Each structure stands twice: as C-alpha cells, then as structure tokens.
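Report on the structure given below.
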Amino acid sequence: MTSTAKPSTPNIAIIGGGPAGLMAAEVLSQAGLQVDLYDGMPSVGRKFLLAGVGGMNITHSEAFPALLSRYGERAPNLAPLLRAFGADELCTWIHGLGIDTFVGSSGRVFPTDMKAAPLLRAWLKRLRDAGVVIHTRHRWLGWNPDGSLRIASPEGEKTLRPDATLLALGGGSWSRLGSDGAWMQALEQHGVALAPLQPSNCGFEVEAWSDLMISKFAGAPLKNIAIGLNDDVPRLGECVITTTGIEGSLIYALSAAIREAINQHGSATTHLDLLPGRPVDKIQQALSKPRGSRSLAKHLHSQLGIDGVKAALLRELTPADCFADPARLAQAIKALPVTLVKTRPLDEAISSAGGVAFEALDERLMLKQMPGVFCAGEMLDWEAPTGGYLLTACFASGRAAGLGMVEWLQRLD
1 MTSTAKPSTP
11 NIAIIGGGPA
21 GLMAAEVLSQ
31 AGLQVDLYDG
41 MPSVGRKFLL
51 AGVGGMNITH
61 SEAFPALLSR
71 YGERAPNLAP
81 LLRAFGADEL
91 CTWIHGLGID
101 TFVGSSGRVF
111 PTDMKAAPLL
121 RAWLKRLRDA
131 GVVIHTRHRW
141 LGWNPDGSLR
151 IASPEGEKTL
161 RPDATLLALG
171 GGSWSRLGSD
181 GAWMQALEQH
191 GVALAPLQPS
201 NCGFEVEAWS
211 DLMISKFAGA
221 PLKNIAIGLN
231 DDVPRLGECV
241 ITTTGIEGSL
251 IYALSAAIRE
261 AINQHGSATT
271 HLDLLPGRPV
281 DKIQQALSKP
291 RGSRSLAKHL
301 HSQLGIDGVK
311 AALLRELTPA
321 DCFADPARLA
331 QAIKALPVTL
341 VKTRPLDEAI
351 SSAGGVAFEA
361 LDERLMLKQM
371 PGVFCAGEML
381 DWEAPTGGYL
391 LTACFASGRA
401 AGLGMVEWLQ
411 RLD
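For the sequence shown, position 226 matches number 226 in UniProt numbering, and the numbering has no gaps at all.
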C-alpha cells in the first residue's frame, strides 16, 4: 500500500534561477525547508551575469523616497517589499557574502571588483551548503490536470508535487538567457490577471533616417545633451544613434513614458537639447555674429561647437529655411523634435514591463486563484530604469515571496 503521508519537512519547488528565485531559496532554506530549484538553462543566474558585463550595478544609494519613485505607478505595491529589503539591506547582505561594495559618482552601488561572477559563486556555494538542490536544464511546462508540475528534463518529463511553488521566471526580454515570457500562456489558462509584456529600457525607432544619416552616423554617441518629453524638465545624459532610431541610457530612462505615449497616440515626439549648458538667447547671439565667407557648418562649429552627429541631426530634422534665421535655429538647437514611432523588439530590451498583475496576488505574493503558487521578480507587472533599481526589486520580491511561503506553510500546519 502506498503511503500518502506528507514528509515532515515541506518541499518547495522554485522555478527560475535568477536573483528573485535564488533569494527566495535562501530565505526558505534558512527556515529549514527542503528547496529544489529548477532552471531551464545549463546554469543559473545568466541574465544576472550579463547585467554585470561592464560593471555590476547592484543597487542605488539615493534616499528611499527617491528610490521608490523610480518604480512609477507600481511604487505603492513595491513599497513594503523595498522597505523591508532595500538598498541598505541588500548591501549588508552582499557584504555577508564577503563582497565589498562602493558608491560611484552617480550614486550607483557596485561590488569593488565590478564583477557579478564572484558574487554569484559565493552565493551559490552558500545555498548549496544550506541544502538547496539546483536542477539545471529543467524547464517548467505548466501544470497537469491534477495540479502537479510538469518539468522537462534531460531524462524526460517529470511530475512534481511540492507543498508550495514559487514562479520566478523573469520577464520577456533576452530569451536566449531564459527570460522568454513563455509562462504567460500557462498562467492565462488558469485565469490569472496578466498585463501584456512590453519592452522597457529599450531603444526606439524613427519613421526613417536618411541614407546619409545611417551611413555616416549610425552608432555615433550623442553626448552632453538633454531630452524632454511633453512638458517635463529635460534630462541630461547621452544616447546613441542607430540605423533605425535612437537608444542608450538617456532614452532608457524615458522609455516607459515614450512607450506609453506611442501606445496612446501612435508616436511620441521628444525634444533634444543639443547645448543644455547654454541658454537660447546666448545661442542666438552666437549665431547672429557675422560669418563672412565661412560656411554655416563651420560657423556652427566655431561659435557653438556643434559638428558631427549633432550637426547632422540638426540638418536631418530642421527645415532648410530655418538655417537662415538665427532665432529659429537657436530654438531648434534647444528643442530639436525627434518623433519616435515604435519600440525596438522585446527581445532586445534590457527588461520588460507587464506580467502578473499585483491585483492577482495577496500580500504574501501568492496567486489568489492558485493557493500555494507564489510569484516574484521581473515576471510581476512593474518596471524601473537601469541604475540598480531592477535588481533591487528582484531581490526584494524574492525575499518577500520566500517569507510569504514560510508563513503560508506554517498556517497550514
């Protein structure tokens, strides 16, 4: 006769080996629970490692109200998670792994060696020492009719019946690293409220650049500029001209607002300030100076330092008759309209918006319609700019979900 008695120690299945899943595994193993973590890729933390290329920006040092504001309309949902495990707590946790950190000039926080791999190695060792079992090349396929988990493994399909499950499958960007959004269909079939996955921290396309713009300036950086959308104060930074449009850190910071404007109106017109350090009247005075036999291009260069890609953009986006009028040209230099018509594809984006709606979850991050199934990380419907904010919320939500699972299991006893 087969026994149906539960083992004395509850078993947890975590699907997804990114920061959220790994943080939940740590919380659960510390609570004495048996944790098995499954990831479809050959190794865990692949997107985490990619984020460390060029410098592992782990979080941001700014004051909590400013940090919380970076999460936009989902700030109220993330506030309790981030209050419990925000930037300070995350840094303390990292130090506990033997990794020192420093604050850069921008306020961003980095490991001292700027690398993600040593942090991940130390973390995985601690998890394995705590009894967490990591199963790679194990892809979640959804649920069987009886509620058990379907897992594709190198040995064939497996059926799991854990006491609780955490889904931490990432968003929809960088499918080659495992974040492909394929989980949306399985949750939709169970009536879970979902917001469509959309690109976030992404590039945008213009209607079309001229052949000259593409051939000479695709890939050219635009430095010491500011970009504004609608009546917002322009942001300082830099970006890059691409063959199809524009991308880079300054555009990423505005991506949510630009994307939503395109969704609502079909396009979004940003205004590019080519000389943010100079007021329009001073620019007009410089342009009004006699240029003698010099070309206008040389005049722009000698008086204002405008050349290269900035001069090309001015020519590309300004009517020809504007160049004969110093007042109009000065206005164009300070607010050059760049109309963006679509995002670049989701798989190119740094992160994604959309996913599991917070309204579908209880305060423990458990699905209201599926008791015992929890969600965390980027698969939840929130977004944030780059600068450490994405990782911070992934860690915080993973920790919150882990604690929520512990509490839920205790109430079942």
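Here a beta-carbon is modelled for each residue, glycine too, at the ideal position from N, C-alpha and C.
Since the model is a prediction, treat every value here as computed from it, not as a measurement.
Query	Result
I need the DSSP call for residue 428, collapsed to helix, strand or coil.	Within the shown structure, residues of the chain are numbered from 1 to 413, placing residue 428 beyond reach of any answer.
Can you check whether the CB of Trp183 is closer than 9 angstroms to the CB of Leu50?	no
Pro276 by DSSP, collapsed to three states: which one?	coil
So Thr343 and Val206 are supposed to be a Cβ contact under 8 angstroms. How far apart are they, rounded?	So it is not a contact: roughly 12 angstroms between Cβ atoms.
What residue range is occupied by the uninterrupted alpha helix (DSSP H) comprising Tyr252?	249-253
When burial is assigned at 16 or more other CB atoms within 10 Å of the CB, is Val373 buried or exposed?	buried
Give the secondary structure of Gly355 by DSSP, where H, G and I count as helix, E and B as strand, and everything else as coil.	strand
Over what stretch of residues does the beta strand (DSSP E) that includes Asp36 continue unbroken?	34-39
Contact defined as beta carbons within less than 8 angstroms: I believe Leu33 pairs with Thr9. What is the distance between those atoms, to the nearest angstrom?	7 angstroms
If the criterion is Cβ atoms closer than 9 angstroms, does the pair Arg259 and Gly178 meet it?	no
Output needed for Gly97: all residues of its chain with C-beta closer than 8 angstroms, excluding positions within five of it in sequence on either side, in chain order.	Just to set this straight, residue 97 is Leu in the shown sequence, not Gly. Hits under 8 angstroms: Leu119, Ala122, Trp123, Arg126.
Cβ atoms of Leu300 and Ala311: under 9 angstroms apart, would you say?	yes
In chain order, what residues of the same chain lie with their CB nearer than 7 angstroms to the CB of Ala193, ignoring the 5 residues before and after it?	Ala357, Glu359, Ala360
My understanding is that Leu112 touches Asp100, with C-beta atoms under 8 angstroms, so please give their C-beta distance in whole angstroms.	For clarity, residue 112 is Thr in the given sequence; the question names Leu instead. With a Cβ gap of about 4 angstroms, Thr112 and Asp100 count as contacting.
Assuming Ser200 contacts Ser352 under a Cβ cut-off of 8 angstroms, what Cβ separation, rounded to an integer in Å, is found between them?	6 angstroms
Tell me the rounded alpha-carbon separation between Leu187 and Thr243.	37 angstroms
Once DSSP output is grouped into helix, strand and coil, what is the label at Phe217?	helix
Under a Cβ-count criterion, where at least 16 other Cβ atoms within 10 Å of its own Cβ denotes burial, should Ser293 be classed as buried or exposed?	exposed
Can you tell me whether DSSP reads Arg108 as helix, strand or coil?	strand
Put Asn230 into one of helix, strand or coil per three-state DSSP.	coil
Secondary structure at Ser173, three-state DSSP: helix, strand or coil?	coil
Using a Cβ-Cβ cut-off of 8 angstroms (strictly less than) and excluding sequence neighbours within five positions of Lys6, which residues of its own chain qualify?	Because Lys6 sits at a pLDDT of 48, beneath the cut-off of 50, its placement in the model cannot be relied upon, and the following sentence gives the value as read from the coordinates. Hits under 8 angstroms: Asp163.
Kindly list the residues whose CB is nearer than 8 angstroms to the CB of Pro196, restricted to its own chain and excluding five residues on each side of it in sequence; keep chain order.	Gly354
Three or more C-beta pairs under 8 angstroms: does that hold for the region 360-370 against the region 282-297?	no
Look at the alpha carbon of Glu238 and the alpha carbon of Ile333, and state the distance between them as a whole number of angstroms.	16 angstroms
Would you say Ser210 and Glu316 are within 9 angstroms of each other, going by their C-beta atoms?	yes
Compare the C-alpha of residue 414 against each of Glu155, Leu169, Gly147, Gly219 and name the closest.	Any answer about residue 414 is impossible in this case: the structure gives the chain only from 1 up to 413.
Apart from the five residues on each side of it in sequence, which residues of its chain come closer than 6 angstroms, Cβ to Cβ, to Ala401?	Ala24, Leu166, Leu365, Phe374, Ala376
If you run the structure through DSSP and keep just helix, strand and coil, what is Ser153?	strand
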